[in-house]
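Notes follow once the structure below has been shown.
Residue numbers (our numbering): 3 to 563.
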């Protein structure tokens with residue numbers, strides 16, 4: 003049952019709608035309450051998804067045992083990127099929409115740093131993962147999911163709403179295998195949904211959506227229409243049946259060019275009905291797409307591909323079986339633990355230099371630099387030896403040894419014993435910086451020699467449950483793909499490499515956020531320099547090169563007699 007009690011306000015509250023920036027604000031009766039919850043009221047499971055300013059985590063309410071998909075949004079990022087109106091609009095839409103194919107909002111709450119939305123937890127995962135695990139879906143499976151998606155789209159369009167970001171990653175499956183649409187952050191209202199007026203639409207003529215599913219008219223700078231969602235439907239049907247999107251290229255730019263030129267091919271195994279459906283949905287002219295117009299959805303439902311579909315019984319009929327994650331991945335998810343140290347205040351070690359060292363030195367007691375017996379007889383050689391030998395035990399003792407030496411040396415040379423504490427602290431900061439630079443140089447030299455050639459390296463943030471930690475992601479020519487903890491420079495996580503794109507693939511959410519899928523685990527990364535597409539391109543290029551090399555090596559040489 004839904005958890006809408008536990009001291010929360012009544013199930014229905016009349017709240018002044020501040021989500022709309024216009025002057026004609028409207029009082030809305032919200033069904034999902036603003037609950038007096040805190041983050042500590044939940045226990046957390048696996049990370050379900052990651053966006054540019056949010057993450058979705060499996061969360062169980064401690065007092066009721068009810069599990070939700072808790073969407074956690076960073077207030078600072080929302081304000082900085084000026085996306086508050088879209089966050090509020092999504093909250094209104096999720097609350098007001100009433101359809102079995104739209105994910106349900108149960109409650110909201112907030113604290114000083116985050117906004118939280120408690121959403122229905124869809125245990126079947128993403129449709130994207132079903133396609134990936136099964137390589138491609140059967141015609142019956144694709145027909146079922148396409149039928150449910152059409153029913154959802156008909157409802158949304160009937161409410162005057164365009165989703166604008168339909169894709170397999172935004173289509174979740176319930177435990178029973180039925181579809182649920184999520185992520186209404188890019189939605190557009192054209193008929194003042196539910197009486198709302200002045201809904202802001204700065205994105206009306208801007209590029210909204212994911213590269214492989216964006217319609218050509220949006221790429222041309224035209225406003226999104228109902229046909230925009232129908233184009234995405236055509237891409238999704240193609241991907242379900244073929245196993246990959248119709249417009250897939252090495253770069254975002256080339257993908258856009260293929261879309262504008264309608265450059266795609268039908269595999270031979272596709273039926274004539276499937277080809278005709280996709281062909282009519284992927285029309286460059288949005289006004290001619292199947293499903294557009296007053297009787298558009300009736301025409302779409304009558305297409306021969308959907309022959310035999312019981313539209314009135316769709317949500318009551320048995321759904322296709324949901325393929326579970328591989329056993330190794332399931333064990334990895336169940337055994338996932340949060341690295342508590344990632345939540346502590348630590349310095350961020352970046353490539354060949356130190357950042358944020360002031361954060362560390364604000365906690366001088368951690369380093370115990372004021373103990374004279376620790377530093378009175380430390381020679382430069384001994385300091386270096388401790389520095390080297392303590393790598394495996396973490397950076398604290400390492401920095402401690404070097405900082406003690408530098409602190410003593412600077413104090414002696416400057417005769418600062420009787421100086422102010424502030425001057426000592428300034429010298430100490432410089433000492434830590436020097437020791438950190440030396441430490442990084444030594445370890446990076448070892449890394450470069452051990453793993454050369456290094457094809458790409460970047461500072462990323464790895465997201466896992468509620469925690470996130472800074473990592474250095476490295477791709478070598480071996481090939482091997484791994485990441486290290488830049489605070490220790492010794493911990494290493496290997497990402498299982500495969501030349502087969504079905505066994506290892508990179509999915510880009512946006513310029514910063516990308517995921518790496520393997521049979522063993524799903525990795526969520528955020529690149530601080532917005533290099534997500536570059537990571538995807540170079541990994542796929544290495545995969546292609548390795549496949550070509552393997553084919554070349556297996557060829558039998560021709561012998562001329």
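All residues carry an ideal CB built from backbone N, CA and C; glycine is no exception. Because the structure is a prediction, the values reported are computed rather than measured.
- request: Pull up the DSSP beta-bridge partners for residue 464, would you.
  value: 471, 527
field: Three-state secondary structure (DSSP) of residue 53
entry: coil
query: DSSP on residue 159, reduced to helix/strand/coil?
result: Note: residue 159 maps to helix in three-state DSSP.
Boundaries of the beta strand (DSSP E) in which residue 109 is found, first to last residue: 107–112
First and last residue of the uninterrupted beta strand (DSSP E) at residue 76: 69–76
- prompt: What is the DSSP secondary structure of residue 535, reduced to helix, strand or coil?
  reply: helix
task: Count the other CB atoms, across all protein chains shown, that sit within 10 Å of the CB of residue 574; report buried if there are 16 or more and exposed otherwise.
output: The requested residue 574 does not occur in the structure, where the chain is confined to residues 3 to 563.
query: Would residue 186 be called buried (16 or more neighbouring beta carbons within 10 Å of its own) or exposed?
result: Looking at its Cβ environment, which holds 16 or more other Cβ atoms inside 10 Å, residue 186 is buried.
- request: Compute the distance between the beta-carbons of residue 321 and residue 178, then report whether it is under 8 Å.
  value: yes
task: Please work out which residues of its chain come closer than 6 Å, Cβ to Cβ, to residue 111, disregarding the five sequence neighbours upstream and downstream, and give them in chain order.
output: 37, 39, 118
message: Can you find the residues in the same chain that come closer than 7 Å, C-beta to C-beta, to residue 337, ignoring five residues on each side of it along the sequence?
response: With a pLDDT of 43 at residue 337, under the threshold of 50, the modelled position of that residue is not reliable, and the figure given next carries that caveat. Excluding sequence neighbours, residue 337 sits near nothing in its chain.
Sub-8 Å separation of residue 497 and residue 508 beta-carbons: No, they are not a contact pair.
- prompt: Based on the DSSP secondary-structure assignment, which residues constitute the bridge partners of residue 120?
  reply: 72, 109
query: Under a Cβ-count criterion, where at least 16 other Cβ atoms within 10 Å of its own Cβ denotes burial, should residue 132 be classed as buried or exposed?
result: Within 10 angstroms of the beta-carbon of residue 132 lie 16 or more other beta-carbons, which makes it buried.
message: Run through the DSSP bridge pairs and tell me what residue 478 is partnered with.
response: Beta-bridge analysis with DSSP links residue 478 to 456, 482.
message: I'd like to know if the stretch 295–306 and the stretch 145–163 are in contact, where contact means that at least 3 CB-CB pairs between them fall below 8 Å.
response: yes
message: Going by DSSP in three states, residue 553 sits in which element: helix, strand or coil?
response: Three-state DSSP puts residue 553 in a helix.
- prompt: Can you tell me whether DSSP reads residue 144 as helix, strand or coil?
  reply: helix
task: From the DSSP output, read off the bridge partner residues of residue 61.
output: According to DSSP, residue 61 bridges with 46, 70.
message: For residue 483 and residue 475, I'd like the C-alpha separation in whole angstroms.
response: 8 Å
query: Can the beta-carbon of residue 130 be found less than 8 Å from the beta-carbon of residue 170?
result: yes
- prompt: What are the partner residues of residue 516, as DSSP defines its beta bridges?
  reply: 510, 527
Straight-line Cα distance separating residue 315 from residue 543: 46 Å
task: Could you have a look at residue 345 and say whether DSSP puts it in helix, strand or coil?
output: Reliability fails at residue 345, whose pLDDT of 36 lies under 50, so the model's placement of it is uncertain and no value is given.
Run of the beta strand (DSSP E) containing residue 496, from where it starts to where it stops: 494–497
query: Going by beta carbon distance, what residues of the same chain come within less than 7 Å of residue 172, once the five residues before and after it are set aside?
result: 183, 184, 185
message: Measuring CB atoms only, is the stretch 130–150 touching the stretch 249–263, in the sense that at least three cross pairs come out at less than 8 Å?
response: no
message: Quick check on residue 83: does DSSP put it in helix, strand or coil?
response: Per DSSP, reduced to three states, the secondary structure at residue 83 is coil, with no helix or strand assignment.
message: Whether or not the stretch 83–103 and the stretch 57–71 are in contact is what I'm after, with contact meaning three or more pairs of Cβ atoms, one per stretch, closer than 8 Å; do they touch?
response: Between the stretch 57–71 and the stretch 83–103, the count of C-beta pairs closer than 8 Å stays below three; the two stretches do not touch.
query: For the beta strand (DSSP E) that contains residue 169, what are its first and last residues?
result: It is not in any beta strand (DSSP E) - residue 169 carries neither H nor E in the DSSP assignment.
- request: Determine the DSSP secondary structure at residue 220, reduced to helix, strand or coil.
  value: Residue 220 carries a helical assignment under DSSP once its states are collapsed to helix, strand and coil.
- prompt: Span of the alpha helix (DSSP H) holding residue 279?
  reply: Boundaries of the alpha helix (DSSP H) around residue 279: 274–283.
query: Whose C-beta lies closer than 8 Å to the C-beta of residue 241 among residues of the same chain, with five residues either side of it excluded?
result: 133, 170, 247, 248
Euclidean distance between Cα positions of residue 397 and residue 488: Low confidence applies here, because residue 397 scores a pLDDT of 42, under 50, leaving its location unreliable; read the following figure in that light. When rounded, the distance between both Cα atoms is 10 Å.
query: Touch check for the stretch 76–90 and the stretch 50–65: three-plus C-beta pairs under 8 Å?
result: yes
Residue 265 classed as buried or exposed, judged by whether at least 16 other C-beta atoms fall within 10 angstroms: exposed
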